[in-house]
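K.L.:
Residue numbers (my numbering), protein chains in the order written: chain A, 20 to 294; chain B, 8 to 287.
My structure is below; once you've seen it, I'll send some questions.
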Amino acid sequence: MNDLTSFGNLFKQIWVQKSRYIYLFFIINLFTIVFISLFAWGTGNYDLTFFYTSTHNLGNFWRYNIATLTIYFDIAFFAVTCWQNEKINMSQTWHLAAADEGKTYLANVFSSLLACGVFFLLQQIVNIFLLIPTMGANSIAEAFSQFGLSPYTPNVPGINVSFEFYWLFIVLIILFIYFFVSFTNFSSRIISDELPVKSTLWIRLLIIAILVIVAVYVGSIVFSHLQNFVDTNRSLQTYDPIWLDDILLLVMSLVFGLCDILFVKKWVEPKIVNR
Amino acid sequence: MTSNKALFKQMFLQKRHYADLVLLIQTFAVAFMFLMGIIFKGNGNSVNNMASGIFRNDNIWDLILGLGTLTTFFADVIFLGLMCWQNEKINLSQTWQLIPASGSKIWIINIISSIVECAYIFVIQVVIGMIVVIIDSYSHNINPFVGTSFGANISFGETVWAFVEELLALVGLVLIIFAFVSLTNFLTRTIADQLPMKNTTGVRLVVMAILVIVGVIIALRINDQILTMYTNHLFTRANKAIDVDTLGISTLEYWIGAILLGIINCLLIQKFVEPKIVNR
Numbered sequence: 020m021n022d023l024t025s026f027g028n029l030f031k032q033i034w035v036q037k038s039r040y041i042y043l044f045f046i047i048n049l050f051t052i053v054f055i056s057l058f059a060w061g062t063g064n065y066d067l068t069f070f071y072t073s074t075h076n077l078g079n080f081w082r083y084n085i086a087t088l089t090i091y092f093d094i095a096f097f098a099v100t101c102w103q104n105e106k107i108n109m110s111q112t113w114h115l116a117a118a119d120e121g122k123t124y125l126a127n128v129f130s131s132l133l134a135c136g137v138f139f140l141l142q143q144i145v146n147i148f149l150l151i152p153t154m155g156a157n158s159i160a161e162a163f164s165q166f167g168l169s170p171y172t173p174n175v176p177g178i179n180v181s182f183e184f185y186w187l188f189i190v191l192i193i194l195f196i197y198f199f200v201s202f203t204n205f206s207s208r209i210i211s212d213e214l215p216v217k218s219t220l221w222i223r224l225l226i227i228a229i230l231v232i233v234a235v236y237v238g239s240i241v242f243s244h245l246q247n248f249v250d251t252n253r254s255l256q257t258y259d260p261i262w263l264d265d266i267l268l269l270v271m272s273l274v275f276g277l278c279d280i281l282f283v284k285k286w287v288e289p290k291i292v293n294r
Numbered sequence: 008m009t010s011n012k013a014l015f016k017q018m019f020l021q022k023r024h025y026a027d028l029v030l031l032i033q034t035f036a037v038a039f040m041f042l043m044g045i046i047f048k049g050n051g052n053s054v055n056n057m058a059s060g061i062f063r064n065d066n067i068w069d070l071i072l073g074l075g076t077l078t079t080f081f082a083d084v085i086f087l088g089l090m091c092w093q094n095e096k097i098n099l100s101q102t103w104q105l106i107p108a109s110g111s112k113i114w115i116i117n118i119i120s121s122i123v124e125c126a127y128i129f130v131i132q133v134v135i136g137m138i139v140v141i142i143d144s145y146s147h148n149i150n151p152f153v154g155t156s157f158g159a160n161i162s163f164g165e166t167v168w169a170f171v172e173e174l175l176a177l178v179g180l181v182l183i184i185f186a187f188v189s190l191t192n193f194l195t196r197t198i199a200d201q202l203p204m205k206n207t208t209g210v211r212l213v214v215m216a217i218l219v220i221v222g223v224i225i226a227l228r229i230n231d232q233i234l235t236m237y238t239n240h241l242f243t244r245a246n247k248a249i250d251v252d253t254l255g256i257s258t259l260e261y262w263i264g265a266i267l268l269g270i271i272n273c274l275l276i277q278k279f280v281e282p283k284i285v286n287r
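Structure, rendered in structure tokens:
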């Protein structure tokens with residue numbers, strides 16, 4: 020039992036459980052690429068509603084559409100990892116592991132983050148191969164620069180100096196949403212346990228909706244104020260101000276992360292029926 | 008209990024909890040955004056800007072009307088999702104399948120009760136919206152009951168037809184979504200049962216994703232083809248007065264699609280689908 024309680028072992032065990040979904044989603048992703056390509060090539064119609072190309076051939080079709088496709092699958096995969104996180108957070112089996120609750124929670128979140136990273140990397144490897152017909156040797160830079168993640172963009176002079184901040188931005192936004200989803204889950208459970216009425220799914224959905232509405236509203240106000248601040252400040256505009264969003268997200272992630280660790284230590288009880 | 012009416016009533020009552028939930032959440036959302044919108048005025052408030060983009064932003068009634076319209080859209084989409092989930096929950100529930108009625112009858116009543124549920128939530132939203140519109144018009148010193156304030160200059164018959172067509176389109180869209188979700192669910196279960204490997208969530212997920220992707224792309228392609236045919240048909244008669252009505256074509260597509268998928272669903276539920284023991 021003792022060897023499971025170290026952070027590394029916890030991480031590894033949770034990772035094994037989650038890595039299955041990486042391969043599942045990667046198979047679905049590959050199938051979609053093959054199916055759409057065959058469909059477009061077979062019918063000679065390269066404008067498939069979501070996917071658009073100016074020149075009608077397969078190479079260009081890939082070049083203009085892989086980023087869209089990658090993002091759709093990333094969002095779907097991200098949603099599944101959120102669900103997996105909460106499943107582990109609420110599982111009695113995982114709470115029986117003789118480790119600090121906060122440590123289990125952090126191992127859970129970071130293993131999901133790593134799963135997102137591995138999934139994105141697998142997708143990018145496929146994307147690089149698909150870009151070879153149009154971009155040749157530039158395909159690696161092109162695959163990453165479509166997401167703003169490369170210092171060098173093909174056919175565009177200059178260097179994208181703030182590309183590290185885009186990487187950081189993606190990592191931070193994933194962490195922030197994980198922490199926020201856990202926060203909503205935990206606090207809805209705590210509140211519905213405290214209420215005098217029976218704790219049903221109905222009440223929990225109501226509490227979750229209220230929390231999400233408040234958070235989205237406050238978030239929209241904060242981000243538009245930030246945008247106004249950047250728009251009126253000349254010195255900020257000389258440099259890509261994405262680092263401002265990074266700082267904001269970092270602070271919010273820390274706040275929600277600490278709340279979550281507090282919640283798992285003090286209040287949250289795992290469910291008996293795990294689904 | 009096996010009469011259509013009793014079945015319908017029980018399903019309706021079960022699903023009405025969720026209609027009430029969505030309406031309650033929407034009320035909270037409008038009240039919250041309204042209060043915050045009054046406190047935090049100005050350019051920094053993107054929700055206020057969006058709400059005033061729908062109507063003007065002269066007084067508080069405009070803000071309420073704008074927020075209500077904005078949230079109605081989201082509430083209805085979320086409610087549609089909840090209804091799909093409830094449909095599938097009933098379709099796979101052992102308790103419901105124990106009822107001495109044929110599987111396809113239960114499925115049809117299930118879908119109809121969901122449609123009525125959607126009508127229920129929509130009528131409440133529209134009635135409340137109408138009341139706010141009337142108050143808002145008076146606050147701008149406009150009499151809402153004078154016909155010209157809507158700028159309508161078309162005959163009564165045309166107005167009624169346009170209204171009926173829009174309603175039919177909405178109902179058809181909801182029907183085909185319900186039917187497609189059920190079809191995906193049933194087909195996934197049927198296929199996953201036949202596969203040689205163990206029937207796990209993972210296998211079901213892959214089968215489901217493949218079905219959805221293939222289904223959606225083929226549907227979009229068919230839609231494209233029919234619209235092209237319709238446009239060509241209009242061009243050949245370009246010398247006559249033409250009345251372009253793409254909404255009508257879409258409505259027809261939705262209804263034909265929904266009926267076809269519905270027949271397949273009835274067959275599947277009779278022959279292959281087995282309810283689960285653990286119901287969640």
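For glycine and all other residues, C-beta sits at the position ideal for the given N, C-alpha and C.
As the structure is a computational prediction, the values presented were derived from the model and not from experiment.
1. Looking at chain B, which residues of the segment 25-51 of chain A have a Cβ within less than 7 Å of any of its Cβ atoms?
2. Ser272 (chain A) and Phe188 (chain A) - do their beta-carbons sit closer together than 8 Å?
3. Count Cβ pairs between the segment 17-24 of chain B and the segment 64-82 of chain B that sit closer than 8 Å; are there 3 or more?
4. Would you call the segment 227-234 of chain B and the segment 141-149 of chain B in contact, with 3 or more CB pairs under 8 Å?
5. Considering Cα atoms alone, identify which of B:Ser189, B:Thr34, B:Trp168 and B:Lys48 is closest to Lys96 (chain B).
6. Please list the terminal residues of the continuous alpha helix (DSSP H) segment that includes Thr243 (chain B).
7. Determine the direct distance from the alpha carbon of Leu268 (chain A) to that of Leu194 (chain B), and round the result to whole angstroms.
8. Return the Cβ separation of Leu202 (chain B) and Tyr261 (chain B) in integer angstroms, given the expectation that the two are a contact with Cβ distance under 8 Å.
9. What first and last residue would you give for the alpha helix (DSSP H) that runs through Val52 (chain A)?
10. Buried or exposed, going by whether 16 or more other CB atoms sit within 10 Å of the CB of Leu268 (chain B)?
11. Specify the secondary structure class of Lys284 (chain A) as computed by DSSP and reduced to three states.
12. In the DSSP assignment, what are the bridge partners of Ile178 (chain A)?
13. Mind listing, in chain order, the continuous alpha helix (DSSP H) runs of no fewer than 4 residues lying wholly within the segment 95-130 of chain B?
14. Buried or exposed for Val241 (chain A), please, with buried defined as at least 16 other CB atoms from any protein chain shown within 10 angstroms of its CB.
15. For Tyr171 (chain A), decide whether its Cβ has a neighbour in chain B, counting only Cβ atoms nearer than 8 Å.
16. What does the Cβ neighbour count give for Asp212 (chain A), buried or exposed, with the cut at 16 atoms within 10 Å?
17. What are the residues in the segment 181-214 of chain B lying within 8 Å of chain A by C-beta distance?
18. Where Ile144 (chain A) and Tyr40 (chain A) are concerned, what is the direct C-alpha to C-alpha distance, given to the nearest angstrom?
19. According to DSSP, is Asp143 (chain B) part of a helix, a strand, or is it coil?
20. Does the count of Cβ pairs from the segment 114-133 of chain B and the segment 87-104 of chain B closer than 8 Å reach three?
21. Using a C-beta to C-beta distance shorter than 7 Å, which residues of chain B count as neighbours of Leu267 (chain A)?
22. Beta carbons nearer than 7 Å to chain A: which residues of the segment 113-144 of chain B have them?
23. May I have the straight-line CA-CA distance separating Gly222 (chain B) from Asn150 (chain B), to the nearest angstrom?
24. What would DSSP say about Gly276 (chain A), mapped onto helix, strand or coil?
25. As a quick exercise: from B:Thr238, B:Ser59, B:Asp252 and B:Ala36, pick the residue whose alpha carbon is nearest that of Ala176 (chain B).
26. Please name the residue in A:Gly121, A:Phe54, A:Gln165 and A:Tyr171 whose C-alpha comes closest to that of Cys278 (chain A).
27. Rounding to the nearest angstrom, what Cα-Cα distance links Ser156 (chain B) and Gly75 (chain B) in this structure?
28. Quick one: what does DSSP say Gln165 (chain A) is sitting in, helix, strand or coil?
29. Looking at the unbroken alpha helix (DSSP H) that takes in Thr123 (chain A), where does it start and where does it end?
30. Out of B:Gly73, B:Ser111, B:Gly110 and B:Ser109, state which residue places its alpha-carbon closest to the alpha-carbon of Met137 (chain B).
31. Going straight from the alpha carbon of Phe19 (chain B) to that of Arg223 (chain A), what length do you get?
32. Once the 5 residues before and after Gly255 (chain B) are set aside, which same chain residues still bring their CB inside 7 Å of it?
33. Return the first residue and the last residue of the alpha helix (DSSP H) that Ala95 (chain A) is part of.
34. Give me the subset of the segment 23-40 of chain B whose CB atoms are less than 7 Å from a CB atom of chain A, sorted by chain position.
35. Could you check whether Pro170 (chain A) and Asn157 (chain A) sit closer than 8 Å to each other, using their CB atoms as the reference points?
P.N.:
Taking the structure as given:
1. Within the segment 25-51 of chain A, the residues whose Cβ lies closer than 7 Å to some Cβ of chain B are Arg39, Leu43, Ile46, Ile47, Phe50 and Thr51, listed in chain order.
2. Cβ distance not < 8 Å, so Phe188 (chain A) and Ser272 (chain A) don't count as in contact.
3. By the Cβ test, the segment 17-24 of chain B is not in contact with the segment 64-82 of chain B, since fewer than three Cβ pairs between them sit closer than 8 Å.
4. Judged by pairs of C-beta atoms under 8 Å, the segment 227-234 of chain B does not touch the segment 141-149 of chain B, as fewer than three such pairs exist.
5. Per the Cα distances, B:Ser189.
6. Thr208 to Thr243 is the span of the alpha helix (DSSP H), which, as asked, contains Thr243 (chain B).
7. If you take the alpha carbons of Leu194 (chain B) and Leu268 (chain A), they lie about 42 Å apart.
8. Going by Cβ atoms, the distance from Leu202 (chain B) to Tyr261 (chain B) rounds to 32 Å, so no, they are not a contact pair.
9. According to the sequence shown, residue 52 (chain A) is Ile rather than Val. Element bounds for Ile52 (chain A): Phe26 to Thr62.
10. In summary, Leu268 (chain B) is buried, with 16 or more beta-carbon neighbours lying within 10 Å of its beta-carbon over all protein chains present.
11. If DSSP states are grouped into helix, strand and coil, Lys284 (chain A) belongs with the helices.
12. DSSP, once it has assigned bridges, lists A:Tyr171 as partnering Ile178 (chain A).
13. Qualifying alpha helix (DSSP H) stretches, in chain order: 101-104.
14. Result: exposed.
15. For Tyr171 (chain A), no Cβ of chain B is located within less than 8 Å of the residue's own Cβ.
16. By the 10 Å Cβ count, Asp212 (chain A) comes out exposed.
17. From the segment 181-214 of chain B, only Gly209, Leu212 and Val213 have a Cβ closer than 8 Å to chain A.
18. Cα to Cα, the separation comes out at about 18 Å.
19. Helix at Asp143 (chain B).
20. In short, these stretches touch, since the Cβ pair count reaches three.
21. Those do not exist, as Leu267 (chain A) stays about 15 Å from chain B at its closest Cβ, beyond 7 Å.
22. Considering only beta carbons, no part of the segment 113-144 of chain B lies closer than 7 Å to chain A.
23. Looking at the two C-alpha atoms, the distance is approximately 49 Å.
24. Three-state DSSP puts Gly276 (chain A) in a helix.
25. For Ala176 (chain B), the nearest C-alpha among the options comes from B:Asp252.
26. It is A:Gly121.
27. Because Ser156 (chain B) sits at a pLDDT of 45, beneath the cut-off of 50, its placement in the model cannot be relied upon, and the following sentence gives the value as read from the coordinates. When the Cα atoms are used, Ser156 (chain B) and Gly75 (chain B) turn out to be separated by approximately 21 Å.
28. Secondary structure of Gln165 (chain A) (DSSP, three-state): coil.
29. Per DSSP, Thr123 (chain A) belongs to the alpha helix (DSSP H) from Glu120 to Met154.
30. It is B:Gly73.
31. Looking at the two C-alpha atoms, the distance is approximately 22 Å.
32. In chain order, Glu172 place their CB closer than 7 Å to the CB of Gly255 (chain B), counting only its own chain and leaving out the 5 sequence neighbours on each side.
33. Where Ala95 (chain A) is concerned, the enclosing alpha helix (DSSP H) stretches over Leu77 to Asn108.
34. Residues are counted here when their Cβ sits less than 7 Å from a Cβ of chain A; for the segment 23-40 of chain B these are His24, Leu28, Leu31, Ile32, Phe35, Ala36, Phe39 and Met40, given in chain order.
35. The Cβ atoms of Asn157 (chain A) and Pro170 (chain A) do not sit closer than 8 Å to each other.
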